[in-house]
Ligand SMILES: Cc1cc2nc3c(=O)[nH]c(=O)nc-3n(C[C@H](O)[C@H](O)[C@H](O)COP(=O)(O)OP(=O)(O)OC[C@H]3O[C@@H](n4cnc5c(N)ncnc54)[C@H](O)[C@@H]3O)c2cc1C
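Residue numbers (the working numbering): 1349 to 1876.
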């Protein structure tokens, strides 16, 4: 492996990340880490704070002048790919733009007075659930544990200015669907929404996960937005409002933003729409003790100095013998490169020679959703005592879905809300003070006056995150799967593509990211 461009920084010091604790408390200066980082880089150079730095620990890739595979991005996809490649005997270097690992998963310390030290909340991805076998398997392998999301008591729905409490399963349940989280505030609308969910599930089963563009009628399905489909198939305003909320909650976009074919693919990829929205027995079922970022922190600890932080990749050059991956002050030469940044971010890297037109056009058409995740910390989860689960849906305000996000021992109570799609875009333009006020108003509307005075307000605006620029993930616009879908996973020369957006199962989720890392590692080892 050769890495150049670091030598001129000799004489400076380097921050070393310890692979434990929260995102905030991980930075330390250590000489041992510094030396192992240097060995990993193979340069003998010292690295300045703010410049690329390696994670301490584990076995350095000492004395090598070349690496085989450079992985761009130390999120779940990149770290999984690196781990698999190392297990297959490859030399790997992961280059990460941020000063931390985890990408769209990140823990934040709760600092509210009275909170136990070490209490964290996740400000990015957090839940895991049934059939997410790869993430569940990895959690177990890394010695981590899960706990169930609090899901006892009634849900609440705020509709047309009125608050309704209801049991988990739609009480009338006219189609005997056992659907969870369809509020009965407008029974006629709810019945139509339940039927629509059943119909969407049926349509989704026809979509081949590895090639959605080959679905019967793909041209028609990808030729319309999800809103077009709603306008043709839903008569009840209540049904439209509920199904729109489902799209907001599941994809963080508006129905007008996304292709119908993509919604069907996404449903199929998760094994059903009800599974996507459910808490118990669904995608929101469990959380990871200590926070979801621990998965990445543990993998990074194993990889040790093979992970280089503060290393944004700006340019990837290919020639017949391999690739050169460049940042502002580093370059890495390798045989193969794996890019795990979401498509919209991968498009910001300059490729020489330029990527094929279809690959670039694909990345122009997969924008990130719009999400701001907000959390209020209280002395206790007071809603539990009132027989509420902390889960609300709403047709108004910035926050339209909420959850109980208290730590496993409930040493404080945490209400979590999502500001999604159009609300996310509006909230991004508000002042922080206005946003906070509007969020707390929403929580108070749904859970009463006790919600009005939180001990701490935590907010993560993913639109503002330089190395993600939105969330939960990239969303396919009409026509993209049909004309450009084949370019999603096809390597371009020595460059391979991973990341949750490339997953066939649990696309958009942590599980999908891990699956994509496993898939690309096999693809790369087979090509070497
Ligand atoms: C608010 C929110 C809530 C979510 N909730 C859930 C949930 O509950 N459950 C669930 O399963 N999923 C959830 N998700 C989705 C989940 O977090 C993602 O699917 C998953 O983390 C994606 O992993 P990844 O490795 O594919 O991408 P990322 O995590 O985005 O990793 C890509 C990495 O590439 C780096 N990078 C980008 N550009 C460059 C560059 N030029 N040079 C170097 N590095 C670069 C980035 O910094 C990043 O670390 C949520 C996401 C968000 C934002």
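Don't be surprised by glycine CBs; every beta carbon is placed ideally from N, CA and C. Computed from a predicted model, the values in this text were never measured in an experiment.
- The beta carbon of residue 1425 sits closer than 7 Å to at least one heavy atom of ligand 1.
- Distances from the CB of residue 1858 to the heavy atoms of ligand 1 include at least one below 7 Å.
- If you check the CB distance, residue 1630 and residue 1621 do not come in under 8 Å.
- For residue 1705, the uninterrupted alpha helix (DSSP H) segment begins and ends at 1705-1712.
- Remark: the C-beta of residue 1474 is in contact range of ligand 1, defined as less than 7 Å to any heavy atom.
- In the DSSP assignment, residue 1829 falls within the unbroken alpha helix (DSSP H) covering 1828-1832.
- Close CB contacts of residue 1772 within its chain, under the 6 Å cut and outside five residues either way in sequence, are with 1718, 1719, 1720 (chain order).
- In this structure the stretch 1731-1740 does not lie against the stretch 1568-1576, because fewer than three pairs of beta carbons, one per stretch, are closer than 8 Å.
- Rounded to whole angstroms, the gap between the alpha carbons of residue 1808 and residue 1669 is 42 Å.
- Take the alpha-carbon of residue 1688 and the one of residue 1786: they are about 35 Å apart.
- Relative to ligand 1, the beta carbon of residue 1820 is positioned inside 7 Å of a heavy atom.
- Note on geometry: alpha-carbon atoms of residue 1533 and residue 1728 lie some 28 Å from one another.
- In terms of Cα proximity to residue 1453, the closest of 1707, 1725, 1645 is 1645.
- In summary, residue 1416 is buried, with 16 or more beta-carbon neighbours lying within 10 Å of its beta-carbon over all protein chains present.
- Sequence-distant partners of residue 1859 (beyond 5 residues in either direction) whose C-beta falls short of 6 Å from its own C-beta, in its chain, are 1480, 1482, 1483.
- Cβ neighbours of residue 1575 within its own chain (closer than 6 Å, five residues either side excluded): 1603, 1604.
- Listed in chain order, the non-local C-beta contacts of residue 1562 below 7 Å within the same chain comprise 1556, local neighbours out to five positions each way being set aside.
- Residue 1597 holds the alpha-carbon nearest to the alpha-carbon of residue 1626 among 1597, 1870, 1792.
- Taking the CA atoms as reference points, residue 1673 sits about 13 Å from residue 1440.
- A contact is defined here as three or more CB-CB pairs under 8 Å, and the stretch 1603-1619 meets this definition with respect to the stretch 1848-1863.
- The Cβ atoms of residue 1836 and residue 1657 do not sit closer than 8 Å to each other.
- The continuous stretches of beta strand (DSSP E) do not include residue 1617, which lies in the alpha helix (DSSP H) extending over residues 1608-1618.
- Rounded to whole angstroms, the separation of the alpha carbons of residue 1751 and residue 1632 is 9 Å.
- Runs of the beta strand (DSSP E) spanning 3 or more residues and lying entirely within the stretch 1432-1518 occur at 1440-1443, 1455-1457, 1468-1470, 1494-1496, 1502-1507, 1510-1514, in chain order.
- For residue 1577, the closest of 1544, 1564, 1601 by C-alpha to C-alpha distance is 1544.
- Relative to the Cα of residue 1537, the nearest Cα in the group 1462, 1661, 1588 belongs to 1588.
- Distance between residue 1851 and residue 1804, taken at the CA atoms: about 36 Å.
- Within the same chain, and ignoring the five residues on either side of residue 1445 in sequence, the residues whose Cβ sits closer than 6 Å to its Cβ are 1660, 1815.
- The shortest C-alpha to C-alpha distance from residue 1489 to any of 1642, 1465, 1513 is the one to 1642.
- Pairing residue 1474 with residue 1540 gives a Cβ-Cβ distance that is not under 8 Å.
- Straight across, the Cα-Cα distance linking residue 1514 with residue 1795 is about 14 Å.
- Residue 1654 has its alpha-carbon roughly 20 Å from the corresponding atom of residue 1867.
- If you look at residue 1586, you'll find it in the alpha helix (DSSP H) that goes 1585-1599.
- Apart from the 5 residues on each side of it in sequence, residue 1665 sits with its Cβ closer than 6 Å to the Cβ of 1672, 1700 in its chain, given in chain order.
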